[in-house]
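A short worksheet on the structure shown next.
Residue numbers (the numbering used here), protein chains in the order written: chain Y, 1 to 166; chain R, 167 to 458.
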């Protein structure tokens, strides 16, 4: 079961350390360093753990930044998992995974906070409300899911977990 | 002259009434994707509802299946007709659609719903070797502009034939166990009873070749605390029983297990299968109504 991050120490830390991540260039730079192996996965994970989620005025469940950060954290977990299973996956994730996410990140509404976005929405009658972190998380998962076939990961998982009788 | 006028008026009124009736008709097409089903297990089905009328309608499942025995063992008097029970029509995923004029919608009932209601729990589905034609009465109600409901009427689906297969080999062994322990029926709603859980666990242990294994795994999986082992068992069962009517249900379960333990590669692989499923029952089970 996933914890409600807004009620955890992690949530408090994210809100209180507020460097402006809403501008994607900083995230882009960090990911580029990771892709080019100038930054380790551990180091990027640590940086992401304190990344800002201040775009939702304290309500982390409404944070678009956090939705992207959570998915990038998953991507890094997966890269670590892949190193021990199929190194081609790990290489692919480094070379392509971040771009898939960043492309979506760059299409987010330009307003830096939910409050500013709501004001913009009020002023633009008929505009579709695109501030939907849950939808964004699903969307990012689907993007990676459809980027290539992952069927080969199943035999690899089974090789590592031979316990279940065939 | 007066009689002729009256007759003409009656004919016009009849034509008008039948035109209105035709205009307000609803078509309901029942789909059961698996035509052969083991005795005593639930199955997926859905109904494609098309509103040919000019008004908004609410269409619901409101009565049990109607059955016609086509071959095999005739109805025994102890089976009787399906009974209306208080929770018989309880659907975790709906059981109702609102269909606008000219619109088509699908009313989806995954097999997993049988874990909560008793709709598929009838002994009529548990006679091996029986071939039955089944159809489903639906209720429709016109929904007024302000949400008030109009008169209720019934819509009948087409009839679909299914065969309750005669179990042999290890399937027969499991079926005998089900007869002894479960009174011939799929009763996961009462799974908290220790002897029922033990029965399904014994199927996994003692009858690993049985076609009941996917159902046993789905049922016992609800009580597993070792998610990695459970996921491995689910993936092996998918590999071993690719033609099982429950295989897509197993894919959903495997996807959920992979999410739970953050096995990202497996999660993406299973997610793709579930998302591209042709069965609305599978997509509903995985994603709920939103992404149907």
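From the three backbone atoms N, C-alpha and C, an ideal C-beta is built for every residue, glycine too.
In chain R, which residues lie less than 9 Å from residue i when you measure between Cβ atoms?
i	result
residue 82/Y	430, 431
Using the Cα positions of residue i and residue j, report the straight-line distance between them to the nearest angstrom.
i	j	result
residue 302/R	residue 278/R	18 Å
residue 310/R	residue 219/R	14 Å
residue 203/R	residue 434/R	30 Å
residue 90/Y	residue 79/Y	5 Å
residue 151/Y	residue 95/Y	19 Å
residue 398/R	residue 373/R	18 Å
residue 30/Y	residue 39/Y	8 Å
residue 292/R	residue 315/R	38 Å
residue 206/R	residue 325/R	21 Å
residue 109/Y	residue 115/Y	12 Å
residue 128/Y	residue 121/Y	8 Å
residue 253/R	residue 271/R	Confidence is the limiting factor: at residue 253/R the pLDDT is only 44, short of 50, which leaves the residue's position unreliable and the question unanswerable from this model.
residue 305/R	residue 438/R	36 Å
residue 195/R	residue 365/R	37 Å
residue 34/Y	residue 413/R	39 Å
residue 238/R	residue 104/Y	58 Å
residue 370/R	residue 62/Y	44 Å
residue 392/R	residue 71/Y	25 Å
residue 308/R	residue 268/R	14 Å
residue 362/R	residue 334/R	22 Å
residue 125/Y	residue 445/R	38 Å
residue 36/Y	residue 280/R	52 Å
residue 146/Y	residue 440/R	12 Å
Give a yes or no on whether the minimum CB-CB distance between residue i and chain R is below 7 Å.
i	result
residue 92/Y	no
residue 140/Y	no
residue 120/Y	no
residue 34/Y	no
residue 153/Y	yes
residue 47/Y	no
residue 150/Y	yes
Is residue i buried or exposed, if buried means 16 or more other CB atoms sit within 10 Å of its CB?
i	result
residue 50/Y	exposed
residue 54/Y	buried
residue 117/Y	buried
residue 411/R	buried
residue 84/Y	exposed
residue 231/R	buried
residue 342/R	exposed
residue 431/R	buried
residue 386/R	buried
residue 123/Y	exposed
residue 320/R	exposed
residue 322/R	exposed
residue 74/Y	buried
residue 156/R	Since the displayed chain R opens at 167 and closes at 458, residue 156/R lies outside it and no answer follows.
residue 389/R	exposed
residue 101/Y	buried
residue 337/R	buried
residue 42/Y	exposed
residue 149/Y	exposed
residue 57/Y	exposed
residue 360/R	exposed
Are the C-beta atoms of residue i and some chain Y residue less than 7 Å apart?
i	result
residue 398/R	yes
residue 435/R	yes
residue 438/R	yes
Against residue i, what residues of chain Y qualify as contacts under a CB-to-CB distance less than 7 Å, listed in chain order?
i	result
residue 394/R	161
Which residue from the options puts its Cα closest to that of residue i?
i	options	result
residue 429/R	451/R, 415/R, 395/R, 452/R	395/R
residue 146/R	223/R, 379/R, 364/R	Residue 146/R lies beyond the stretch modelled for chain R, which goes from 167 to 458, so this question has no answer here.
residue 155/Y	305/R, 388/R, 436/R, 208/R	436/R
residue 168/Y	407/R, 418/R, 192/R, 424/R	The question about residue 168/Y has no answer here: the residues shown for chain Y are numbered 1 through 166.
residue 274/R	329/R, 239/R, 210/R, 221/R	210/R
residue 442/R	331/R, 308/R, 418/R, 422/R	418/R
residue 382/R	392/R, 391/R, 368/R, 393/R	368/R
residue 427/R	105/Y, 140/Y, 34/Y, 81/Y	81/Y
residue 295/R	268/R, 304/R, 201/R	201/R
residue 68/Y	119/Y, 131/Y, 92/Y	131/Y
residue 454/R	409/R, 297/R, 259/R, 440/R	259/R
residue 265/R	191/R, 233/R, 376/R	191/R
residue 48/Y	142/Y, 36/Y, 66/Y	66/Y
residue 318/R	208/R, 226/R, 446/R	226/R
residue 339/R	328/R, 377/R, 308/R	377/R
residue 32/Y	99/Y, 77/Y, 76/Y, 86/Y	99/Y
Using a cut-off of 8 Å between C-beta atoms, extract the partners of residue i located in chain R.
i	result
residue 158/Y	398, 401, 402
residue 40/Y	Going along chain R, no residue has its Cβ under 8 Å from residue 40/Y, so there is no contact; the nearest lies around 19 Å.
residue 146/Y	438
residue 74/Y	428, 430
residue 89/Y	431
For residue i, go through chain R and note every residue whose CB falls closer than 7 Å to its CB, in chain order.
i	result
residue 77/Y	428, 430
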